[in-house]
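**Q** Have a look at this one.
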Amino acid sequence: MEKPGSRMRLFAQGVRDGIPIALGYFAVAFSLGIAARNAGLMPMEGFLASFLCSASAGEHALFTLIAAGAGYMETALVSLVTNARYFLMSCALSQKFAPETPLLHRVLIGTKVTDELFGLNIARPRTVQPAYSYGAMLLPVLFWAAGTASGIRMGTLLSPRIVSALSVALYGMFLAVIIPPARKSAPIAVCVAAGFLFSLAAQAVPLIAGLSEGTRTILLTVGIASAAALLFPVKEA
Amino acid sequence: MEHSKIVYILVAFSVICLIRVLPLTLIRRPIRSRFLRSFLYYVPYVTLAVMTFPAILRATNSPLAGAAALVAGILAALWKGNLMLVAGICCTVVLVLESFL
């Protein structure tokens, strides 16, 4: 077991590593706040949503669903699909926990498995150290929530030109997640290209175009990812 | 029936929590089905691709600026994967282009 002193040091180290992530989060969350404002959310609601969920694509989808007045069942399904990648990250992270790690630590660290915090935890030597993980998530989680609230509050103060520019920040983040792996793996590149292509085509197909955006995302994801799994199965672990 | 925003948020939060926490608490063994593992492996890339295009064209005031941001974002991500850099380049392209359009 770690001594209290070393736990403090780990926590402080986590906080320090979290600073650059927190700054980036604030900027992107601001653009997310603009989407939340369009869905009619108040700053406090945006803060709450971001504080609890800490998910870029998932929250973006959530705000789109709120704006469209979608059903709760559809909201749950779309949340499942748009956040599915965290399932994979958590599976990978589970292998890095010391077997004796208490359940409470697993739950608390688990709720904040974002792309970047996952990256910090997985990059640690040996096992996940809860004190470090809590330090690392502190500022990013708060700045993400504060950024969303600021976007809702101040989005109206900015010129339409600035709002238009900021609204692509989120898509830039998505591209930064999918393009580098696509460069290294041909099957992923095919998946990304198919995603772009079928998503565009889906708007022209009469039956599918009539479905909500959330449902289209589910159908396209399940269809394309299944096809990819059959065509390019991953190597045995 | 009027939908409550708080309920929407709680629904999303519950699902996200289950997705993130369950593997860390329950699944102590690796998933064996090769199809399932492959499927899960490809899901994140497909979802984000579907959500990005053509939605990015509608996000900006001018669809042309959105298209330029998409191309610039892909090139920037190929060059350097850095999240904030790619996001910043996309924003700058839109800001500059829409000043002229």
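Top line first, the protein sequences correspond to chains A and B. If you're matching positions, the first sequence starts at 64 in my numbering and goes up one per residue. If you're matching positions, the second sequence starts at 35 in my numbering and goes up one per residue. Glycine is no exception: its CB is placed at the ideal position from the N, C-alpha and C atoms.
According to DSSP, is Q192 (chain A) helix, strand or coil?
**A** Numbered from its first residue, the first sequence carries residue 192 (chain A) at position 129. DSSP places Q192 (chain A) in coil when its eight states are reduced to three.
**Q** Please look up how many angstroms separate the CB atoms of C116 (chain A) and E108 (chain A), rounded, as I've assumed it's under 8 Å.
**A** For the purposes of this step, residue 116 (chain A) is identified with residue 53 of the first sequence, where counting begins at 1. For the purposes of this step, residue 108 (chain A) is identified with residue 45 of the first sequence, where counting begins at 1. Not a contact, Cβ separation roughly 12 Å.
**Q** Taking C-beta to C-beta, are F93 (chain A) and I53 (chain B) nearer than 8 Å?
**A** For the purposes of this step, residue 93 (chain A) is taken as residue 30 along the first sequence, with counting starting at 1. For the purposes of this step, residue 53 (chain B) is taken as residue 19 along the second sequence, with counting starting at 1. Cβ atoms of F93 (chain A) and I53 (chain B): not closer than 8 Å.
**Q** Ignoring anything shorter than 4 residues or poking outside the region 210-297 of chain A, list the alpha helix (DSSP H) runs there in chain order.
**A** 223-229, 232-247, 249-265, 269-272 and 276-294
**Q** Listed in chain order, which residues of the region 71-93 of chain B have Cβ atoms closer than 8 Å to some Cβ of chain A?
**A** R71, S72, F73, L74, Y75, Y76, V77, P78, Y79, V80, T81, L82, A83, V84, M85, T86, F87, P88, A89, I90 and A93
**Q** Would you identify the three-state DSSP class for K175 (chain A), choosing helix, strand or coil?
**A** Counted from its first residue, the first sequence places residue 175 (chain A) at position 112. In the structure shown, K175 (chain A) sits in coil (DSSP, three-state: anything other than H, G, I, E or B).
**Q** Taking just the CA atoms, how far does G68 (chain A) sit from V141 (chain A)?
**A** Along the first sequence, read from residue 1 onward, the residue named residue 141 (chain A) stands at position 78. Along the first sequence, read from residue 1 onward, the residue named residue 68 (chain A) stands at position 5. Going by C-alpha positions, V141 (chain A) is about 44 Å away from G68 (chain A).
**Q** May I have the straight-line CA-CA distance separating A209 (chain A) from L104 (chain A), to the nearest angstrom?
**A** To locate residue 209 (chain A), count along the first sequence from 1; it is residue 146. To locate residue 104 (chain A), count along the first sequence from 1; it is residue 41. Each residue's Cα considered, the two are about 14 Å apart.
**Q** Excluding five sequence neighbours on each side, which residues of the same chain lie with their C-beta closer than 6 Å to the C-beta of F160 (chain A)?
**A** Position 97 of the first sequence, counted from the first residue, corresponds to residue 160 (chain A). For F160 (chain A), where only same-chain residues beyond five positions count, the Cβ hits under 6 Å are V191.
**Q** Are Y195 (chain A) and R187 (chain A) close, meaning C-beta to C-beta below 8 Å?
**A** For the purposes of this step, residue 195 (chain A) is taken as the residue at position 132 of the first sequence. For the purposes of this step, residue 187 (chain A) is taken as the residue at position 124 of the first sequence. For Y195 (chain A) and R187 (chain A), yes; Cβs fall inside 8 Å.
**Q** What does P296 (chain A) touch in chain B if you count any residue whose Cβ is under 9 Å from its own?
**A** Along the first sequence, read from residue 1 onward, the residue named residue 296 (chain A) stands at position 233. R68, F69, R71 and S72, listed in chain order.
**Q** Less than 7 Å between C-beta atoms, sequence neighbours within five positions excluded: which residues of the same chain meet that for R169 (chain A)?
**A** Locating residue 169 (chain A) in the first sequence gives position 106, where the first residue counts as 1. These residues qualify, in order along the chain: F160.
**Q** Touch check for the region 65-81 of chain B and the region 272-289 of chain A: three-plus C-beta pairs under 8 Å?
**A** yes
**Q** According to DSSP, simplified to helix, strand and coil, what is S117 (chain A)?
**A** Position 54 of the first sequence, counting from 1, holds the residue named residue 117 (chain A). If DSSP states are grouped into helix, strand and coil, S117 (chain A) belongs with coil.
**Q** Using a cut-off of 7 Å between C-beta atoms, extract the partners of R100 (chain A) located in chain B.
**A** In the first sequence, the residue the question calls residue 100 (chain A) occupies position 37. Those within 7 Å of R100 (chain A) in chain B number zero; the least Cβ separation is about 12 Å.
**Q** Would you identify the three-state DSSP class for F160 (chain A), choosing helix, strand or coil?
**A** Along the first sequence, one-based indexing puts residue 160 (chain A) at 97. Three-state DSSP puts F160 (chain A) in coil, outside helix and strand.
**Q** I want to see whether chain A comes within less than 8 Å of A101 (chain B), judged by CB atoms only; does it?
**A** Position 67 of the second sequence, counted from the first residue, corresponds to residue 101 (chain B). Chain A contact via Cβ: absent.
**Q** Are L238 (chain A) and T86 (chain B) touching if we call contact CB-CB under 8 Å?
**A** Position 175 of the first sequence, counted from the start, is the residue given in the question as residue 238 (chain A). Position 52 of the second sequence, counted from the start, is the residue given in the question as residue 86 (chain B). Yes, they are a contact pair.
**Q** Which value, in whole angstroms, describes the spacing of the CA atoms of L263 (chain A) and E163 (chain A)?
**A** Numbered from its first residue, the first sequence carries residue 263 (chain A) at position 200. Numbered from its first residue, the first sequence carries residue 163 (chain A) at position 100. Between L263 (chain A) and E163 (chain A), the C-alpha separation is close to 48 Å.
**Q** Please state whether DSSP places L119 (chain B) in a helix, a strand or coil.
**A** As a first step, residue 119 (chain B) is located in the second sequence; it is residue number 85 there, counting from the start. L119 (chain B) falls in the helix class under three-state DSSP.
**Q** Between A:F295, A:S227 and A:T278, which has its C-alpha nearest T127 (chain A)'s C-alpha?
**A** One-based indexing of the first sequence puts residue 127 (chain A) at position 64. Closest by alpha carbon: A:T278.
**Q** Any C-beta of chain A sitting closer than 8 Å to the C-beta of F47 (chain B)?
**A** Position 13 of the second sequence holds residue 47 (chain B). Between F47 (chain B) and chain A, the shortest Cβ-Cβ separation is below 8 Å.
**Q** Where do the N-terminal and C-terminal ends of the alpha helix (DSSP H) with R71 (chain B) fall, by residue?
**A** Counted from its first residue, the second sequence places residue 71 (chain B) at position 37. Its alpha helix (DSSP H) spans residues R68 to T86.
**Q** Under 7 Å from any heavy atom of the ligand SAH, does the C-beta of F69 (chain B) make it?
**A** The model on display carries no ligand, and the ligand SAH is accordingly not part of it.
**Q** With DSSP run on the structure shown, which of helix, strand or coil describes G134 (chain A)?
**A** In the first sequence, residue 134 (chain A) corresponds to position 71, counting from 1. Looking at G134 (chain A) - three-state DSSP - the assignment turns out to be coil, as it is neither helix nor strand.
**Q** In three-state terms, what does DSSP make of M35 (chain B)?
**A** Counting from one through the second sequence, the residue named residue 35 (chain B) turns up at place 1. Low local confidence applies: a pLDDT of 48 at M35 (chain B) is under 50, so the model's placement there is unreliable, and no value is given.
**Q** DSSP three-state label for R187 (chain A), please.
**A** Sequence index remark: in the first sequence, residue 187 (chain A) carries index 124 (1-based). Looking at R187 (chain A) - three-state DSSP - the assignment turns out to be coil, as it is neither helix nor strand.
**Q** Around the C-beta of L202 (chain A), are 16 or more other C-beta atoms found within 10 angstroms, so that it is buried, or is it exposed?
**A** To locate residue 202 (chain A), count along the first sequence from 1; it is residue 139. Classification for L202 (chain A): buried.
**Q** Roughly how many angstroms separate the alpha carbons of A232 (chain A) and S119 (chain A), rounded to a whole number?
**A** If you number the first sequence from 1, residue 232 (chain A) lands on position 169. If you number the first sequence from 1, residue 119 (chain A) lands on position 56. The straight-line gap from Cα to Cα measures roughly 11 Å.
**Q** Would L104 (chain B) be called buried (16 or more neighbouring beta carbons within 10 Å of its own) or exposed?
**A** In the second sequence, counting from the first residue as 1, residue 104 (chain B) sits at position 70. Classification for L104 (chain B): buried.
**Q** If you drop the 5 nearest sequence neighbours on each side, which residues of the same chain put their C-beta closer than 8 Å to that of L283 (chain A)?
**A** Stepping through the first sequence from its first residue, residue 283 (chain A) is reached at position 220. The residues are G258, F261, S262 and A265.
**Q** Since V49 (chain B) and A139 (chain A) are thought to touch, with beta carbons under 8 Å apart, how far apart are those beta carbons, to the nearest angstrom?
**A** Taking the second sequence and counting its residues from 1, one reaches residue 49 (chain B) at position 15. Taking the first sequence and counting its residues from 1, one reaches residue 139 (chain A) at position 76. Contact holds; Cβ gap of about 5 Å.
**Q** What do you get for R71 (chain B), buried or exposed, if any count of 16 or more other CB atoms within 10 angstroms of its CB means buried?
**A** Stepping through the second sequence from its first residue, residue 71 (chain B) is reached at position 37. Residue environment analysis places R71 (chain B) among the buried positions, since at least 16 neighbouring C-beta atoms fall within 10 angstroms of its C-beta.
**Q** In angstroms with no decimal places, state the Cα-to-Cα distance between W207 (chain A) and K175 (chain A).
**A** Here the question's residue 207 (chain A) lines up with position 144 in the first sequence. Here the question's residue 175 (chain A) lines up with position 112 in the first sequence. Cα-Cα distance, rounded: 12 Å.
**Q** Around the C-beta of V41 (chain B), are 16 or more other C-beta atoms found within 10 angstroms, so that it is buried, or is it exposed?
**A** Here the question's residue 41 (chain B) lines up with position 7 in the second sequence. Exposed is the call here.
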